[in-house]
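Numbering (the UniProt record's numbering), first residue to last: 1 to 637.
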């Protein structure tokens with residue numbers, strides 16, 4: 001079995017490839033001898049020789065057994081030289097041999113198989129009966145040709161239900177002590193299974209002594225691959241998940257195996273008998289891992305970020321018109337369950353205004369956005385249940401560049417971060433809590449560029465004084481301005497509106513054309529009167545979660561504003577605006593981006609030395625403004 005395992009828990013890299021190959025049909029059964037008479041046995045010349053227990057071991061059988069052992073030892077010593085191998089061992093149950101191996105990535109797997117081709121095979125001493133490749137889909141694609149050649153089955157990893165605790169790569173190889181559990185299930189309901197698998201992974205992640213845990217899938221077969229420091233950790237895991245019965249509603253256990261050193265397997269035999277599991281004892285092998293960190297493993301999960309990332313988060317604003325409410329709600333439930341397992345998701349909720357549904361979601365960066373889109377493609381689409389009517393990506397220009405392909409495919413507008421941002425410090429929770437975030441979405445059309453920046457700066461400054469304002473900032477697409485802001489409650493929104501009511505500078509240079517309130521139903525009820533006066537739309541929360549809560553134990557301090565310095569931040573923003581717009585339209589954006597970056601560095605170096613370089617900065621700003629015109633044309637087309 002070759003498995004590629006690339007999940008990245010917080011602060012650690014997960015295995016990228018794990019290889020397991022099962023060899024069956026060893027010529028001699030090395031299980032304890034019995035008193036059975038083998039005289040009635042007839043040997044098939046086409047098959048490998050299995051000598052029954054209690055029979056006199058012939059010289060030929062001894063030779064076959066010795067040859068198989070020699071081949072295994074040769075494989076072990078040869079594989080030790082492969083830097084991409086994490087561990088490699090041979091386990092045995094009766095006349096079955098199992099190759100228990102793991103690699104960093106697909107390239108390391110291919111290199112290993114090429115090396116073994118040079119060494120030769122068992123040449124009749126053992127026969128390959130089953131082989132599987134397990135791993136992330138992108139790595140499995142690199143192994144597809146090889147898998148076909150050896151008739152291997154491909155098991156794709158569920159990244160939302162897999163993890164590996166931090167381990168240190170060891171230079172020297174040490175004897176293989178890892179205990180592994182291999183469980184095969186027949187899948188009955190994939191939609192029901194997804195959240196269950198994610199919950200099991202989260203539950204297992206708290207266990208001390210669990211090195212890795214994850215789920216892979218091939219057709220209707222589910223496989224759970226898990227590794228532990230010793231038998232005590234295995235028993236602790238079985239006890240931890242004993243009361244968890246959600247999996248029985250969507251999958252049926254077909255086969256269970258326990259693998260480890262003989263001394264550890266001896267401690268597992270009783271529970272193995274109760275669970276009807278097969279035990280494989282370690283014959284030989286090595287590992288290139290320092291496993292001490294797994295002993296110290298504690299509950300981890302959810303979002304772990306530093307405050308600097310929070311101010312630059314990415315959000316997706318997607319509007320749908322529902323035509324089949326029951327079907328849509330079922331899919332929304334699946335989407336939400338799948339997204340809850342994504343460590344890069346800050347919050348995810350569905351809000352509703354009559355027949356309009358709005359997906360209210362935010363992610364730590366562009367990579368998390370792309371991972372989310374990829375995950376939902378595997379769940380399915382609304383088909384005829386709902387129709388996407390509008391979609392926008394909001395975030396820093398540098399992050400938006402990474403999602404341009406996806407945005408273009410979805411027909412999404414790109415809103416780049418325009419102002420400084422406030423994001424009040426919050427407490428993160430590994431398990432998602434119900435989404436109680438209250439948000440305002442305000443759209444403006446710029447009519448006069450001269451006063452925009454000062455007006456936005458003043459509004460950002462005012463919002464900083466509000467204890468219940470969680471985040472506040474402005475994004476922009478062409479002449480459209482958007483204010484994305486989040487609060488702890490409806491009362492906090494009303495307090496904010498009162499706080500900024502005296503600031504009318506923005507209305508002199510930009511006109512509001514759409515305002516929305518998004519919040520739980522009870523909070524929307526408090527906002528309805530204000531919304532009616534403002535002509536705002538109200539979207540009531542239907543479902544959702546968030547991976548944070550506002551701090552309550554101590555007064556929170558807003559993040560300090562970024563200094564604008566000598567104006568280079570604004571100049572850089574205009575550079576990015578030109579590059580982003582032209583790249584999105586496919587007009588040699590890469591070449592212009594390089595040219596502007598070099599020019600910008602020169603301007604930064606000379607701006608304070610030569611005042612006339614301000615003329616260059618002004619020219620770049622003008623280019624940025626002119627670039628907005630083709631952006632509007634691009635969206636119209």
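Heads up, the beta-carbon is just placed ideally off N, CA and C, and yes, glycines get one too.
Problem set entry | Buried or exposed (CB count within 10 angstroms, at least 16 for buried), residue 254 | Along the chain shown, one-based indexing puts residue 254 at 254. Exposed.
Exercise. Alpha carbon to alpha carbon, how far is residue 98 from residue 278?
Worked result: In the chain shown, the residue the question calls residue 98 occupies position 98. In the chain shown, the residue the question calls residue 278 occupies position 278. The alpha-carbon of residue 98 is positioned some 12 Å away from that of residue 278.
Problem set entry | residue 325 in three-state terms, based on DSSP | Position 325 of the chain shown, counting from 1, holds the residue named residue 325. Helix at residue 325.
For this session: Assign residue 197 to one of three DSSP states: helix, strand, or coil.
Result: Position 197 of the chain shown, counted from the first residue, corresponds to residue 197. Three-state result, residue 197: helix.
Exercise. Under the three-state reduction of DSSP, which class applies to residue 629: helix, strand or coil?
Worked result: Numbered from its first residue, the chain shown carries residue 629 at position 629. Caution is warranted here: a pLDDT of 44 is assigned to residue 629, below 50, making its placement in the model unreliable, and no coordinate value can be reported.
Exercise. So what does DSSP say about residue 162, is it helix, strand or coil?
Worked result: Position 162 of the chain shown, counted from the first residue, corresponds to residue 162. Strand, per DSSP.
Problem set entry | Proximity below 8 Å, CB of residue 209 to CB of residue 222 | Working through the chain shown from its first residue, we reach residue 209 at position 209. Working through the chain shown from its first residue, we reach residue 222 at position 222. Going by C-beta atoms, residue 209 is not nearer than 8 Å to residue 222.
Exercise. Chain C beta carbons: is any one of them nearer than 8 Å to that of residue 289?
Worked result: The chain inventory of the structure shown lacks chain C, comprising one protein chain alone.
Exercise. Bridge partners of residue 279, per DSSP?
Worked result: Residue mapping note: residue 279 aligns to position 279 of the chain shown, counting from 1. Residue 279 pairs with 258.
Problem set entry | Span separating the alpha-carbon of residue 415 from that of residue 392 | For the purposes of this step, residue 415 is taken as the residue at position 415 of the chain shown. For the purposes of this step, residue 392 is taken as the residue at position 392 of the chain shown. Rounded to the nearest angstrom, the two C-alpha atoms are 7 Å apart.
Exercise. Looking at the structure shown, is residue 387 part of a helix, part of a strand, or coil, going by DSSP?
Worked result: Along the chain shown, read from residue 1 onward, the residue named residue 387 stands at position 387. In this structure, residue 387 counts as strand in the three-state DSSP scheme.
Exercise. What's the call for residue 342, buried or exposed, on a 16-neighbour Cβ count within 10 Å?
Worked result: For the purposes of this step, residue 342 is taken as the residue at position 342 of the chain shown. Burial state of residue 342 is buried, judged by a 10 Å Cβ sphere holding 16 or more other Cβ atoms.
Exercise. Per the contact definition of three or more C-beta pairs closer than 8 Å, is the segment 437-446 in contact with the segment 471-489?
Worked result: By the Cβ rule, the segment 471-489 counts as touching the segment 437-446, because three or more pairs are nearer than 8 Å.
Problem set entry | Complete beta strand (DSSP E) runs within the segment 195-252 (minimum length 3 residues, chain order) | DSSP runs (the beta strand (DSSP E)) wholly in the segment 195-252: 210-218 and 221-228.
Exercise. Hey, how far is the Cα of residue 397 from the Cα of residue 404?
Worked result: Counting from one through the chain shown, the residue named residue 397 turns up at place 397. Counting from one through the chain shown, the residue named residue 404 turns up at place 404. When rounded, the distance between both Cα atoms is 10 Å.
Exercise. Is it true that the segment 409-424 meets the segment 531-541, where meeting means three or more beta-carbon pairs spaced less than 8 Å apart?
Worked result: Contact between the segment 409-424 and the segment 531-541 is absent, because fewer than three Cβ pairs lie under 8 Å.
Exercise. By Cβ distance, which residues of its chain are closer than 8 Å to residue 236, with the 5 residues on each side in sequence left out?
Worked result: Sequence index remark: in the chain shown, residue 236 carries index 236 (1-based). If we look at residue 236 and ignore the five residues flanking it on each side, its Cβ neighbours are 207, 208 and 209.
Exercise. Are residue 91 and residue 282 touching if we call contact CB-CB under 8 Å?
Worked result: Along the chain shown, read from residue 1 onward, the residue named residue 91 stands at position 91. Along the chain shown, read from residue 1 onward, the residue named residue 282 stands at position 282. Judged by beta-carbon spacing, residue 282 lies within the 8 Å limit of residue 91, meaning their Cβ atoms are closer than that value.
Exercise. With a Cβ-Cβ cutoff of 8 Å, do residue 457 and residue 385 count as a contact?
Worked result: Taking the chain shown and counting its residues from 1, one reaches residue 457 at position 457. Taking the chain shown and counting its residues from 1, one reaches residue 385 at position 385. Cβ distance not < 8 Å, so residue 457 and residue 385 don't count as in contact.
For this session: Look up residue 395 in the DSSP assignment and say whether it is helix, strand or coil.
Result: Numbered from its first residue, the chain shown carries residue 395 at position 395. Strand, per DSSP.
For this session: Reducing DSSP to helix, strand and coil, say where residue 419 ends up.
Result: The sequence position of residue 419 within the chain shown is 419, counting from 1. Coil, per DSSP.
Problem set entry | Those runs of the beta strand (DSSP E) which lie wholly inside the segment 122-149 and span at least 3 residues | Listed in chain order, the complete beta strand (DSSP E) runs (minimum 3 residues) inside the segment 122-149 are 127-135.
For this session: Answer with buried or exposed for residue 338, where buried requires no fewer than 16 other C-beta atoms within 10 angstroms of its C-beta.
Result: Stepping through the chain shown from its first residue, residue 338 is reached at position 338. Residue 338 counts as buried, since no fewer than 16 other beta carbons sit within 10 angstroms of its beta carbon.
Exercise. Quick one: is residue 264 buried, meaning 16 or more other Cβ sit within 10 Å of its Cβ, or exposed?
Worked result: If you number the chain shown from 1, residue 264 lands on position 264. The residue in question, residue 264, is buried, as its Cβ has 16 or more Cβ neighbours within 10 Å.
Exercise. With 16 other CB atoms within 10 Å as the buried threshold, where does residue 504 fall?
Worked result: As a first step, residue 504 must be located in the chain shown, where it is residue number 504. Exposed, since its Cβ has fewer than 16 Cβ neighbours within 10 Å.
Problem set entry | Helix, strand or coil at residue 537 according to DSSP, with G and I counted as helix | Reading the chain shown from its first residue, position 537 is the one you call residue 537. Strand, per DSSP.
For this session: Measure the C-alpha to C-alpha separation of residue 536 and residue 501 and round it to an integer number of angstroms.
Result: By one-based count along the chain shown, residue 536 stands at place 536. By one-based count along the chain shown, residue 501 stands at place 501. Cα to Cα, the separation comes out at about 16 Å.
For this session: Enumerate in chain order the residues of its own chain whose CB-to-CB distance from residue 660 is below 6 Å, with the five nearest sequence positions on each side excluded.
Result: Outside the displayed range of the chain (1 to 637) lies residue 660, so it cannot be described from this structure.
Exercise. Near residue 147, what residues of its chain come up, given a Cβ to Cβ distance below 7 Å and the 5 sequence neighbours on each side ignored?
Worked result: The sequence position of residue 147 within the chain shown is 147, counting from 1. Residues 133 and 154 of the same chain have their beta carbon placed closer than 7 Å to that of residue 147, with the five preceding and five following residues left out of the count.
Exercise. DSSP state of residue 503, grouped into three classes?
Worked result: Counting from 1 along the chain shown, the entry for residue 503 is found at position 503. In the structure shown, residue 503 sits in coil (DSSP, three-state: anything other than H, G, I, E or B).
Exercise. Are at least three pairs of beta-carbons, each pair with one atom in the segment 67-75 and one in the segment 114-126, less than 8 Å apart?
Worked result: Yes, the segment 67-75 touches the segment 114-126.
For this session: Taking all protein chains shown into account, decide if residue 197 is buried (16 or more other Cβ within 10 angstroms of its Cβ) or exposed.
Result: Taking the chain shown and counting its residues from 1, one reaches residue 197 at position 197. Residue 197 should be labelled buried.
For this session: Please report the residue range of the beta strand (DSSP E) in which residue 361 lies.
Result: Here residue 361 is taken as the residue at index 361 of the chain shown, counted from 1. That run of the beta strand (DSSP E) goes 356-363.
Problem set entry | Spatial distance of residue 242 from residue 200 (CA atoms) | Here residue 242 refers to the residue found at position 242 of the chain shown. Here residue 200 refers to the residue found at position 200 of the chain shown. If you draw a straight line from the Cα of residue 242 to the Cα of residue 200, it comes to about 11 Å.
For this session: For residue 434, count neighbouring C-beta atoms within 10 Å of its own C-beta (all shown protein chains included) and say buried if the count is 16 or more, exposed if not.
Result: If you number the chain shown from 1, residue 434 lands on position 434. Classification of residue 434: exposed, given that the 10 Å Cβ count is below 16.
Problem set entry | Bridge partner(s) assigned by DSSP for residue 469 | Position 469 of the chain shown, counted from the first residue, corresponds to residue 469. According to DSSP, which records beta bridges pairwise, residue 469 is partnered with 487.
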